[in-house]
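Quick notes on the structure that follows.
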Amino acid sequence: MGCSINSLRDKEVINVCDGRRLGYIFDVEINAALGSVVAIVVLFDCRVFGFGKCEELIIPWDKIQCFGEDAVLVSVGPELYEKFACKNKKKK
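So that you can map any letter, position 48 of the sequence shown is 165 in this note's numbering, and since no number is skipped, the others follow by simple counting.
Here you go:
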């Protein structure tokens with residue numbers, strides 16, 4: 118199954134470990150020497166009432182569990198995003 122970077126940017130990233138919605142794919146990191154994708158970059162929204170800024174989460178390619186029609190499921194520990202001290206993105 119092939120997909121373009123544009124189609125990836127429309128997919129929400131969800132952590133299967135805790136159900137947290139991490140954000141949407143913003144970019145990908147590529148190893149030019151090997152010609153392979155090594156990570157996805159997700160914009161993690163830490164803003165509260167519109168204040169603050171979004172942070173970039175770098176999620177290694179091997180942490181991706183599966184690509185769905187609308188979402189990408191990843192398996193990462195909370196230490197990846199808890200350093201941004203925002204708790205507002207838990208799945209409802």
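The C-beta atom is built at its ideal place from N, Cα and C for all residues, glycine as well.
Just to confirm, are residue i and residue j a CB contact at a threshold of 7 angstroms?
| i | j | result |
| --- | --- | --- |
| N132 | L139 | yes |
| A156 | E146 | yes |
| V158 | I175 | yes |
In the structure shown, what three-state DSSP assignment does residue i receive?
| i | result |
| --- | --- |
| L151 | coil |
| D127 | coil |
| E199 | helix |
| D144 | strand |
Does at least one heavy atom of the ligand MG sit under 6 angstroms from the Cβ of residue i?
| i | result |
| --- | --- |
| C134 | For the ligand MG, the structure offers nothing, since it holds no ligand at all. |
Classify residue i as buried or exposed, calling it buried when 16 or more other Cβ atoms lie within 10 Å of its own Cβ.
| i | result |
| --- | --- |
| R137 | buried |
| I142 | buried |
Whole angstroms are fine: how far does the CA of residue j sit from the CA of residue i?
| i | j | result |
| --- | --- | --- |
| C183 | V189 | 6 angstroms |
| C134 | Y198 | 13 angstroms |
| R126 | F161 | 13 angstroms |
| V193 | E129 | 15 angstroms |
| D144 | N123 | 9 angstroms |
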